[in-house]
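Position 494 (the sequence shown) corresponds to 551 in our numbering; numbering is contiguous.
Let me begin by presenting the structure, written as structure tokens, before commenting on it.
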Amino acid sequence: MDASRNEPGTRSMFSSRRKSNYDPKTGIYHSLIRLEGSHKIPTTANLDTATFVLSQFPSLDQSDMKVALIDSATNRRLTYRELRRSIHSLAAGLYQRFGVRKGDVIFVLSSNSIIYPTICLAILLVGGVLTTSNPINTESEITKQVLDSGAKLAIAAPVAMHKLLSTGIPTIVTTRDPLNTNEVSVEELIDSCESMELPENKQTQSDMAAVLYSSGTTGTSKGVILTHGNLISTITLLKWAAETTSAKDDIFLCFIPMFHIYGLVFFGLGLLCANTTTVLMNRFELQSMLEAIQTHKVNNIPAVPPVILAMVRYNGGGYDLSSLRSVGSGAAPLSKHVATRFREKFPWVDLKPGYGLTESCGAAAFFVSSEEAIARSAASGGLFPSFSAKVVDFESGIAQPPYSEGEIWLKGPTVMKGYLGNEAATSATIVSGGWLRTGDLGYFDEDGYLFIVDRIKELIKHNGYQVAPAELEAILLNHPHILDAAVIPLENEDAGEVPMAYIVRATGSELSEEQVMQFVAGQVAPYKKIKRVAFINEIPKSAAGKILRKDLMAQSKQTIKSKL
Ligand SMILES: CC(C)(COP(=O)(O)OP(=O)(O)OC[C@H]1O[C@@H](n2cnc3c(N)ncnc32)[C@H](O)[C@@H]1OP(=O)(O)O)[C@@H](O)C(=O)NCCC(=O)NCCSC(=O)/C=C/c1ccc(O)cc1
58 MDASRNEPGT RSMFSSRRKS NYDPKTGIYH SLIRLEGSHK IPTTANLDTA
108 TFVLSQFPSL DQSDMKVALI DSATNRRLTY RELRRSIHSL AAGLYQRFGV
158 RKGDVIFVLS SNSIIYPTIC LAILLVGGVL TTSNPINTES EITKQVLDSG
208 AKLAIAAPVA MHKLLSTGIP TIVTTRDPLN TNEVSVEELI DSCESMELPE
258 NKQTQSDMAA VLYSSGTTGT SKGVILTHGN LISTITLLKW AAETTSAKDD
308 IFLCFIPMFH IYGLVFFGLG LLCANTTTVL MNRFELQSML EAIQTHKVNN
358 IPAVPPVILA MVRYNGGGYD LSSLRSVGSG AAPLSKHVAT RFREKFPWVD
408 LKPGYGLTES CGAAAFFVSS EEAIARSAAS GGLFPSFSAK VVDFESGIAQ
458 PPYSEGEIWL KGPTVMKGYL GNEAATSATI VSGGWLRTGD LGYFDEDGYL
508 FIVDRIKELI KHNGYQVAPA ELEAILLNHP HILDAAVIPL ENEDAGEVPM
558 AYIVRATGSE LSEEQVMQFV AGQVAPYKKI KRVAFINEIP KSAAGKILRK
608 DLMAQSKQTI KSKL
């Protein structure tokens, strides 16, 4: 969000104000910002996400001719009026022609497209539960998610359709191949179902709205249950943030994937409530991004660290980037060094890191103004309104005062209901009093700014995508020449981290590093591929048999240093 267009007085009010209040009696940090008037989170019980989002669209007059989405490749535009119509038609088509009923899970397998928000909102409007996946995932990864989520129907991009064949679930293609007339497409449903009836919506805020997959603090991928209440809260907070920072008239650029919470909340749902215009890229590519910024005079980009690094490295090329005023950073830690270089190179752009998780439905902490972000360049912002946090010491379990480190626990209206069909993981993650254990190590300063210093959870972040070590270890242990294995994150300047495997070979085996990498590469999505292998006699483990990853991470640093 951009601060340079704040209403008179707003900027100084926010930059001088503390973002949270620490109560030493309870050890709780509370957000100090209170939502007022139309920014309050709606409390009506009988409300669903799509009805709420549609109620925020420009009114049905000339103002609904405002452009909501522009396809950067084709320049195709969708106005808010057209978007409203497509959402209703597709929802009616899903109801009448595919029998979708309240609670039915629908699996969406597509990269970003101009109709992605329509698909999400139509599913939510008809009472379906949205589950999404990266289309570059393998057939077996996709099949696993289809089974785990209990999806009854899929909507898939033509290039990914084949990955669903073995699941046997009926599939609608996003755009029809003119040569294959048997397929029903989303576009056809939008065109043909306009006059079909959609029965009265009977959903409540506590109903399940989405199941997005995350590995949480440990283990493999789990379905994060997000209710309509969670989504409505996160959208309300995003709309408030857009308005507070006067970003309502900004042109946004979207390349972050809408199949993850970050992209879904910003571009699939939230910014539509702020009535912004978004230029959509099917996937990230540096030159295309620079071109899109110049052509569409883009002002605002919610981004991720690898993209910010790519912008730092880009040298010239003659693109006019003067329209750009705000770049956000989420999904992975942004190094202080990269942030400083970015600010030196693009001094007219506000760089604002934020913090959120799938389990907190995206929202948790953000910066209102760039002055705050510059003054605390290693922070991830202050708590969003309506949030509380604790910093809990691992050994004692005692909540810590400002500047003391511990695990960040969060409480707020966006915190997930739990993991689908996984009581054990749910109760280990959402603990007494409704606190969400984030698995991140950090602290607050005395003004309530959050600093994330390390990750305690067993997770690798490659390009902002989660890679669960447990998933790769399970694959490795299936190799007949592998006795034991452990996977850890290895720092990487371009992608943040890459997966590295420590392998105990079976006696007499001459298995090579290359063979290990190829074995895994054939079974996982590209971002999960193991990029480095080391052989070891024994995997270090605790008395309880838990892999001592920190020991291996320290060892990997030594090994790599000695090889340089
Ligand atoms: C733009 C990135 C950084 C780079 O894109 P890429 O270069 O295409 O690389 P990928 O990692 O996507 O793809 C891996 C490989 O697959 C390839 N690939 C790629 N898309 C294709 C294709 N459609 N066909 C075929 N091959 C392909 C790609 O070329 C590449 O190949 P290779 O280099 O050979 O390994 C991309 O990774 C990306 O968008 N990452 C962001 C992930 C993300 O959004 N994570 C959010 C998780 S949720 C979260 O943390 C919430 C935070 C949050 C924080 C604050 C808030 O306020 C709210 C929320």
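The beta-carbon is built from N, C-alpha and C at its ideal position, and this holds for glycine as well.
No experiment lies behind these values; they were computed from the predicted model shown.
- Which residues bound the beta strand (DSSP E) around Val561? Note, Val561: beta strand (DSSP E), 553-562.
- Task: Select from Ile513, Thr495, Ala432 the residue whose C-alpha is nearest the C-alpha of Thr415.
- Result: Ranked by Cα distance from Thr415, the options Ile513, Thr495, Ala432 are led by Thr495.
- Would you check whether ligand 1 has a heavy atom nearer than 7 Å to the C-beta of Phe324? Result no, Cβ not under 7 Å from ligand 1.
- Item | Unbroken stretches of the beta strand (DSSP E), 3 residues or longer, contained in the segment 478-521 | As summarised for the segment 478-521, the continuous beta strand (DSSP E) elements at least 3 residues long and confined to that stretch are 492-501, 507-512, 517-519, given in chain order.
- Whole angstroms is fine: what's the gap from Thr302's alpha carbon to Arg91's? Using only the alpha carbons, I get a separation of about 15 Å.
- Start and end of the alpha helix (DSSP H) containing Met473? For Met473, there is no enclosing alpha helix (DSSP H), since its DSSP letter is neither H nor E.
- Query: How close, in whole Å, do the beta carbons of Leu147 and Thr175 come, if the pair is a contact with beta carbons under 8 Å?
  - Reply: That belief holds up - the Cβ atoms of Leu147 and Thr175 are roughly 6 Å apart, short of 8 Å.
- Query: Between Asn239, Val243, Leu246, Ser190, which lies nearest to Leu221 when the distance is taken from Cα to Cα?
  - Reply: Among Asn239, Val243, Leu246, Ser190, the Cα nearest to that of Leu221 is on Ser190.
- Task: Express the C-alpha separation of Asp407 and Trp381 in angstroms, rounding to a whole number.
- Result: A quick correction: the sequence has Leu, not Trp, at residue 381. One C-alpha to the other measures close to 9 Å.
- In three-state terms, what does DSSP make of Arg233? Looking at Arg233 - three-state DSSP - the assignment turns out to be coil, as it is neither helix nor strand.
- Query: Is it right to say Trp405 is buried, meaning 16 or more other beta carbons lie within 10 angstroms of its own, or is it exposed?
  - Reply: Exposed, because fewer than 16 other Cβ atoms sit within 10 Å of the Cβ of Trp405.
- Item | Which of helix, strand or coil DSSP assigns to Asn549 | Strand, per DSSP.
- Query: Alpha carbon to alpha carbon, what distance is there between Ile465 and Leu391?
  - Reply: Each residue's Cα considered, the two are about 18 Å apart.
- Message: Residues in the same chain with beta-carbon distance under 7 Å from Glu503, minus the five sequence neighbours each way, listed in chain order, please.
- Response: Scanning its chain for C-beta atoms nearer than 7 Å, with the 5 sequence neighbours on each side dropped, one finds around Glu503 the residues Pro459, in chain order.
- Beta carbon of Leu366: closer than 7 Å to some heavy atom of ligand 1? Checking every heavy atom of ligand 1 against the Cβ of Leu366, none is found closer than 7 Å.
- Task: For Val510, collect the residues of the same chain with a Cβ closer than 8 Å to its Cβ; drop the 5 residues on either side in sequence, then sort them by chain order.
- Result: So the list reads Glu462, Leu498, Gly499, Tyr500, once near-sequence residues are dropped.
- Measuring CB to CB, does Ile318 end up less than 8 Å from Gly160? For Ile318 and Gly160, no; Cβs fall outside 8 Å.
- Query: If we call anything under 8 Å between Cβ atoms a contact, is Ala422 one with Leu366?
  - Reply: Between Ala422 and Leu366, the gap from beta carbon to beta carbon reaches 8 Å or more.
- Sequence-distant residues of its chain with Cβ nearer than 6 Å to Gly184 (five each side left out): Result list for Gly184: Lys159, Gln260, in chain order.
- Item | Burial state of Leu52, where buried means 16 or more other Cβ atoms lie within 10 Å | Nothing about residue 52 can be read from this structure; the chain reaches only from 58 to 621.
- Item | Cβ contact check for the segment 163-174 and the segment 214-232: 3 or more pairs under 8 Å | Enough Cβ pairs lie closer than 8 Å, so yes.
- With DSSP as the reference, label Ile289 as helix, strand or coil. Of the three classes helix, strand and coil, the one that applies to Ile289 here is helix, per DSSP.
- Would you please state the rounded distance, in angstroms, between the beta carbons of His87 and Ser345? I believe it to be under 8 Å. Contact doesn't hold; Cβ gap of about 43 Å is too wide.
- Would you kindly work out how many angstroms separate the C-alpha atoms of Ile127 and Thr335, rounded to a whole number? Each residue's Cα considered, the two are about 6 Å apart.
- What separation, rounded to the nearest whole angstrom, lies between the Cα atoms of Lys209 and Met265? Going from the Cα of Lys209 to the Cα of Met265 covers about 15 Å.
- Task: Within the same chain, show all residues whose beta-carbon is closer than 6 Å to that of Val124, passing over the 5 residues directly before and after it, in chain order.
- Result: Its chain contains Arg134, Thr136, Thr334 as the residues whose beta carbon lies nearer than 6 Å to that of Val124, once the 5 sequence neighbours on both sides are disregarded; these appear in chain order.
- Rounded to whole angstroms, how far is the Cβ of Ser242 from the Cβ of Thr231, which I believe are closer than 8 Å? Correct: roughly 7 Å between the Cβ atoms.
- Message: Need the endpoints of the alpha helix (DSSP H) that Pro174 sits in, please.
- Response: Per DSSP, Pro174 belongs to the alpha helix (DSSP H) from 173-182.
- Below 8 Å CB to CB, which residues in the same chain sit around Pro362 once its five sequence neighbours on both sides are set aside? Within the same chain, and ignoring the five residues on either side of Pro362 in sequence, the residues whose Cβ sits closer than 8 Å to its Cβ are Ser386, Ala388, Ala389, Pro390, Leu391, Ser392, Val395, Gly521, Gly553.
- Message: What I want to know is whether the C-beta of Arg340 ends up closer than 7 Å to one or more non-hydrogen atoms of ligand 1.
- Response: Yes, the beta carbon of Arg340 sits closer than 7 Å to at least one heavy atom of ligand 1.
- Task: Identify whether Gly589 lies in helix, strand or coil by the three-state DSSP scheme.
- Result: Going by the sequence as given, residue 589 is Arg instead of Gly. Strand at Arg589.
- Message: Is Asn78 a contact residue of ligand 2, with contact defined as CB to any heavy atom under 7 Å?
- Response: Summarising the ligand content, the structure contains ligand 1 and does not contain ligand 2.
- Query: By the 10 Å Cβ neighbour count, where 16 or more other Cβ atoms means buried, how is Ile455 classified, buried or exposed?
  - Reply: Exposed, since its Cβ has fewer than 16 Cβ neighbours within 10 Å.
- Message: Checking 8 Å against the spacing of the C-beta atoms, do Gly286 and Ser263 come in under that value?
- Response: Their beta carbons are under 8 Å apart, which means Gly286 touches Ser263 by this criterion.
- Please report the Cβ distance between Ala542 and Ile560, rounded to the nearest whole angstrom; I am assuming they are in contact, meaning their Cβ atoms lie under 8 Å. At roughly 5 Å, the Cβ-Cβ gap stays under 8 Å, so Ala542 and Ile560 are in contact.
- Item | Proximity test, Cβ basis, 8 Å: Asp248 and chain C | No chain C appears in this structure, which consists of one protein chain only.
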